[in-house]
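Taking it in order: structure first as structure tokens, then the write-up.
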Amino acid sequence: MLETIWFLLWGILWAVYFMTDGFDLGLGTLSPFVAKNDTEKRLVYNAMGPFWDGNEVWLITAGGVTFAAFPTTYAVMFSALYSPLLLILFGLIVRAVSFEFRGKVDNPAWKKFWDFCLFIGSFLPALLFGVAFANIFRGIPIDANGVYHGTILTLLNPYGILGGLLFVLLFLVHGALWLAIKTEGDIHDRGGATASKIWVVLLVAAVAFLIATWFATSLYNNYLSYPILLVIPLIAVLALLATRVFIAKKAWWKAWFASSATIMFTTLFGVIGLYPNLLPSSLDPAASLTAFNSSSSPLTLKIMLGVALVCVPIVIIYQIWTYNLFKDKVTDKDLSYDEAY
Amino acid sequence: MDVVMLSRLQFAVATLFHFWFVPLTLGLTVLIAIMETKYVRTGNEEYKRMAKWWGKIFLINFVVGVVTGITLEFQFGTNWSGYSKYVGDIFGSLLAIEATVAFFLESTFIAVWHFGWRKLSPKAHCVTIWLVAIGSNMSAYWILVANSWMQHPVGYVIRNGRAELVDFWAVVTQPFAVITFLHVIVAAYTLAGFFVLGVSAYHIVRKRNLSFFDKSFRMAAVFALIFSVATVAIGDLHGKEMAKAQPTKLAAVESVWETRKGAPFYLFLVPDEANERNSVEILGIPKFLSWLALGDSNAEFKGLKSFPKEERPPVALVFWSFRIMVGLGFLFALVGFIAWLKRKKVERANPLFLRLLTWMIPLPYVAASLGWIVTEVGRQPWIVYGVLKTSQSASPVAGYQVAISLAAFIVVYTLLGLAAFYLIYKHATKDPEPLAESSA
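Protein sequence lines correspond, in order, to chains S and P.
Taking the working numbering, the leading residue of the first sequence gets 1, the next gets one more, and so forth.
Taking the working numbering, the leading residue of the second sequence gets 342, the next gets one more, and so forth.
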């Protein structure tokens, strides 16, 4: 029971990370294409300014919880995904410092360099998280000792690449909507139009992913055994459709919330389908790591559950407070203050 | 080089680099919080300018600390999967708790502080910097509890082929952890104190913005004195705790080869590892080492030779790191005291002394790095002292993968370090903005 609770919390934490940092990663990837001049670039940075750091802590928590609740999975998963994970980390490093460093030197080459860092440091993690999770859904070649028999190219199979593409597109729409929410004028219009355009591609990718999942993974088994669970992918699909409806109505906040729900429930669709596996082995089903054979002791799970039940709601409350505090559009006046990026 | 050695080097690079940014974060938040509190209490705009100006340096420094911390958390899995499997039940939970109770607080409210000057009342804004200070210091506590467990494992049993938690309270409150935390915190505050002293002295020598930097200097002088003295005192307690918990580290730190009662302390010695002796031992104080480390001048001090060779840490590196760290610790207390004496008429202080303070800024960084070398290299060959060897802990990854990632770490971190240093230098040598703008 404890293992199942932690399995769910594990999935939810990753889903929350993708939902929150997803718009930063998406907008960072879009930045060279939607921001035409220095002022617009600064608007992009400042639209994410008060949020990216708090969002990234969900990743640290998701990683920490993988370590704490399922140490064997943490060990095998992270060492098997060695190269993509380090690329993600280097990406996140250059992305984060580009916020703080870019505006500190008034030199076009310096700014260009950090603009590129923001782009690549957003795009690479978005893509590779998708590739990694698609491969987790599909199973990776690990043996009973948790040794990975493959290379980074093993992960770049068609389903893995489709997963990467799906994540990038989800985040791009999410980020474009955030830009529409946080800005006004030309760049606001561009944000809305971009979200609208990319949504079509996203729809195609999402349908392809749902179909490919049938052939490439065994995620649907759980759904066939318990059809009630189909409500999860159903919510994901409805949320995706709702995103389009709200985009058409120019209801940006609603569209963004719908996009949040899409990301949340797409991730959960995969996670629930995996259960009880955390990391299936494509070599030997018996070598798969599950919530039961890779978990921590009941005592640790209980203590951690206590901490999570007390602290996570508090975190959610103060993060919502922060979003509310900085919900207004970033204006030229905001850019004139010395603390602006 | 094998995977273990490459992974150790990579971890050393990643940790030492991370800890060039963490101490300033820990100490400077508290100083900035005090500045802003003074502003709220007195209404004196100068304190607000101080909080903002030092805050800019803080933010540059903070972001590098944040991003380099994430790689540390993930490296336990990528490079040390044997370790992670074996101790995740205990160690993993401490990291997860750190993120949940402390890091969220720190990261969320630093953004509120950064962007919230016009959104919040002065009082509420001041609260946010205190929340950052509390968050970062709590964060340090959990990380150091985790590290202390590697130094002195308690509250566990070996079951199901791994270490499993049986007493969470014992892990979280063991004296070794509390003393390690205090040592690191006071050292970090010392570093921050000397940083602010050095930067303020740079401006005072040039007679620029005297009122602004006088105030900064005074606060930092009090800070540097209190915490450098505390570092020496708590460092001594930490040493005694280490003597009880880690006899092999103690022997290496003091480079003592033969076991003897009433061991003398040599003010100068040179270890000779190959021949299992010291090639130079001069200025000995009889029985002082036994008294210093073990609290009894006749106590038996266990030498390195009483441990099997394969259970001894590298001696010279640990010994020199420890000696230089301790020497620097005393230097900080002395200079901190002089700075404190001069704090009220600092613009008339000897310019040479002020310049010295500026040039001293790197030294606490050196001392902190050396402290970590003593802690981590001195624990070898164990990754968890007496329980699990480092050689059994690495991931089953290909050597070339680690070699490439190590090279990438060195390149990326060097560029990152240079950029951060340049930006901090650029800002620290710049005049603070005039009053009018900051009251907008």
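All C-beta atoms, glycine included, are put in the ideal place defined by N, C-alpha and C.
Note that the coordinates shown come from a computational prediction; the quantities given were computed from them, not determined experimentally.
Exercise for review: For glycine 625/P, write down the residues that DSSP places opposite it in a beta bridge.
Suggested key: In the second sequence, residue 625/P corresponds to position 284, counting from 1. When beta bridges are read from the DSSP output, glycine 625/P appears opposite Tyr607/P.
| said: Assuming contact is defined by CB atoms lying nearer than 8 angstroms, are valine 330/S and leucine 27/S in contact in what I supplied? | reply: Counting from one through the first sequence, the residue named residue 330/S turns up at place 330. Counting from one through the first sequence, the residue named residue 27/S turns up at place 27. If you check the CB distance, valine 330/S and leucine 27/S do not come in under 8 angstroms.
Could you pull out every residue in the same chain whose Cβ sits closer than 8 angstroms to the Cβ of arginine 684/P, ignoring the five residues on either side in sequence?
Numbered from 1 along the second sequence, position 343 holds the residue referred to as residue 684/P. For arginine 684/P, where only same-chain residues beyond five positions count, the Cβ hits under 8 angstroms are Phe558, Arg559, Ala562 and Val563.
Suppose you measure from the CA of glycine 758/P to the CA of tryptophan 458/P; what does that come to, to the nearest Å? Residue mapping note: residue 758/P aligns to position 417 of the second sequence, counting from 1. Residue mapping note: residue 458/P aligns to position 117 of the second sequence, counting from 1. Answer to the nearest angstrom: the Cα atoms are 29 angstroms apart.
Given serine 196/S, which residues of its chain have a CB within under 6 angstroms of its CB, disregarding the five upstream and five downstream residues? Mapped onto the first sequence, residue 196/S falls at position 196. Here the set comprises Ile247.
Exposed or buried, which one is asparagine 691/P when buried takes at least 16 other CB atoms within 10 Å?
By one-based count along the second sequence, residue 691/P stands at place 350. Per the 10 Å Cβ criterion, exposed.
Close-in-space but distant-in-sequence residues of the same chain around tyrosine 543/P (CB under 6 angstroms, 5 per side omitted): Counted from its first residue, the second sequence places residue 543/P at position 202. Excluding positions up to five away in sequence, the list reads Thr699.
inquiry  = I'd like the list of long-range same chain contacts for proline 605/P, defined as Cβ closer than 8 angstroms, with 5 residues on each side in sequence excluded.
reply    = By 1-based counting over the second sequence, the position of residue 605/P is 264. The answer, listed in chain order, is Gly625, Ile626, Pro627, Lys628, Phe629 and Leu630.
**Asked** Do we get a CB-CB distance below 8 angstroms when we pair glutamate 778/P with the residues of chain S?
**Response** Position 437 of the second sequence, counting from 1, holds the residue named residue 778/P. For glutamate 778/P, the predicted structure reports a pLDDT of 48, less than 50, and the residue's modelled location is therefore unreliable. The matter cannot be settled from this model.
*Using a Cβ cut-off of 8 angstroms (strictly closer), state whether alanine 308/S contacts chain P.*
Mapped onto the first sequence, residue 308/S falls at position 308. At least one chain P Cβ lies under 8 angstroms of alanine 308/S.
**Message:** Against chain S, with Cβ distances strictly below 8 angstroms, would threonine 731/P count as a contact?
**Reply:** Translated into positions along the second sequence, residue 731/P becomes position 390. Threonine 731/P does not count as touching chain S.
Anticipated Cβ contact below 8 angstroms, threonine 514/P with asparagine 488/P, distance rounded:
Looking up residue 514/P in the second sequence gives position 173. Looking up residue 488/P in the second sequence gives position 147. The beta carbons of threonine 514/P and asparagine 488/P sit about 15 angstroms from each other, so the pair does not count as a contact at 8 angstroms.
| query | Along the chain, where does the alpha helix (DSSP H) that runs through asparagine 324/S open and close? | reply | The residue labelled residue 324/S in the question sits at position 324 within the first sequence. Looking at the DSSP string, the run of the alpha helix (DSSP H) that includes asparagine 324/S is 298–325.
* Between the Cα of glycine 22/S and those of Thr194/S, Ile314/S and Val173/S, spot the shortest distance and give me the residue it belongs to. => Locating residue 22/S in the first sequence gives position 22, counting from the first residue. Comparing Cα positions, the closest option is Val173/S.
Tell me which residues share the same chain as lysine 250/S and place their Cβ nearer than 7 angstroms to its Cβ, disregarding the 5 neighbours each side in the sequence.
Translated into the one-based positions of the first sequence, residue 250/S becomes position 250. Closer than 7 angstroms at the Cβ level, and outside the excluded window around lysine 250/S, lie Gly192.
Margin query: So for arginine 549/P, helix, strand or coil by DSSP?
Written below: If you number the second sequence from 1, residue 549/P lands on position 208. Per DSSP, reduced to three states, the secondary structure at arginine 549/P is coil, with no helix or strand assignment.
Taking only three categories from DSSP, how would you classify tryptophan 681/P? Within the second sequence, numbered from 1, the residue matching residue 681/P stands at position 340. DSSP places tryptophan 681/P in helix when its eight states are reduced to three.
Exercise for the section: For tyrosine 223/S, write down the residues that DSSP places opposite it in a beta bridge. Expected result: Counting from 1 along the first sequence, the entry for residue 223/S is found at position 223. Per DSSP, none; premise fails for tyrosine 223/S.
> Secondary structure at tryptophan 723/P, three-state DSSP: helix, strand or coil?
Replying inline: To locate residue 723/P, count along the second sequence from 1; it is residue 382. Correct three-state label for tryptophan 723/P: strand.
- Does the Cβ of glutamine 785/P have 16 or more other Cβ atoms within 10 Å, making it buried, or fewer, making it exposed? The structure shown does not extend to residue 785/P, since chain P is modelled only from 342 through 781, so no value can be given for it.
message: Against alanine 126/S, what residues of chain P qualify as contacts under a CB-to-CB distance less than 8 angstroms, listed in chain order?
response: For the purposes of this step, residue 126/S is taken as the residue at position 126 of the first sequence. Under the 8 angstroms cutoff, chain P gives no residues; its nearest Cβ is about 16 angstroms from alanine 126/S.
message = For tryptophan 253/S, which residues in the same chain have their Cβ closer than 7 angstroms to its Cβ, ignoring the five residues on either side in sequence?
response = As a working mapping, residue 253/S is identified with position 253 in the first sequence. Hits under 7 angstroms: Ile181.
- Query: In chain order, which continuous runs of the alpha helix (DSSP H) of length 4 or greater are located wholly inside the region 211–280 of chain S?
  - Reply: 220–225, 231–248 and 252–274
message = Tell me which residue opens and which closes the alpha helix (DSSP H) that arginine 382/P is part of.
response = As a first step, residue 382/P must be located in the second sequence, where it is residue number 41. Start and end: 363–383.
- [ ] Jot down the residue ranges of each uninterrupted alpha helix (DSSP H) in the region 397–460 of chain P, minimum 4 residues, whole runs only, in chain order.
- [x] Counting only unbroken stretches of 4 or more residues, the alpha helix (DSSP H) elements lying wholly within the region 397–460 of chain P are 422–438 and 445–456, in sequence order.
Self-check item: Closer than 8 angstroms at the beta carbon, the chain S residues around threonine 441/P
Solution: As a working mapping, residue 441/P is identified with position 100 in the second sequence. Correct list: Thr61, Gly64, Val307, Ala308, Cys311, Val312 and Val315.
According to DSSP, is phenylalanine 648/P part of a helix, a strand, or is it coil? Residue 648/P sits at position 307 when you count from the first residue of the second sequence. Phenylalanine 648/P falls in the coil class under three-state DSSP.
Query raised in the report: For serine 552/P versus alanine 674/P, is the C-beta spacing smaller than 8 angstroms?
Result: Residue 552/P sits at position 211 when you count from the first residue of the second sequence. Residue 674/P sits at position 333 when you count from the first residue of the second sequence. Not a contact, by the Cβ cut-off of 8 angstroms.
Taking only the alpha-carbon atoms, compute the straight-line gap between leucine 350/P and alanine 744/P and give it to the nearest angstrom.
What you label residue 350/P is simply residue 9 of the second sequence in a count that begins at 1. What you label residue 744/P is simply residue 403 of the second sequence in a count that begins at 1. If you take the alpha carbons of leucine 350/P and alanine 744/P, they lie about 10 angstroms apart.
task = Under 8 angstroms between beta-carbons, which chain P residues line up against valine 147/S? List them in chain order, please.
result = Translated into positions along the first sequence, residue 147/S becomes position 147. Those are Pro737, listed as they occur along chain P.
Exercise. Can you round the beta-carbon distance between alanine 800/P and phenylalanine 750/P to whole angstroms, since I take them to be within the 8 angstroms contact cut?
Worked result: In this structure chain P extends from 342 to 781, so residue 800/P is not present and cannot be described.
For asparagine 619/P, does the three-state DSSP call read helix, strand or coil? Residue 619/P sits at position 278 when you count from the first residue of the second sequence. It is a strand residue.
- Query: Taking DSSP as the reference, what is the three-state secondary structure of serine 780/P?
  - Reply: Position 439 of the second sequence holds residue 780/P. Any answer about serine 780/P is weak, because its pLDDT of 43 lies below 50 and its placement is not dependable; what the coordinates show is given next. Three-state result, serine 780/P: coil.
Practice problem: Taking all protein chains shown into account, decide if glycine 160/S is buried (16 or more other Cβ within 10 angstroms of its Cβ) or exposed. | Solution: For the purposes of this step, residue 160/S is taken as residue 160 along the first sequence, with counting starting at 1. Glycine 160/S should be labelled buried.
Identify whether valine 563/P lies in helix, strand or coil by the three-state DSSP scheme.
-> Reading the second sequence from its first residue, position 222 is the one you call residue 563/P. Helix at valine 563/P.
Worksheet item: Where does phenylalanine 642/P fall in DSSP's three states?
Response: As a first step, residue 642/P must be located in the second sequence, where it is residue number 301. Phenylalanine 642/P falls in the strand class under three-state DSSP.
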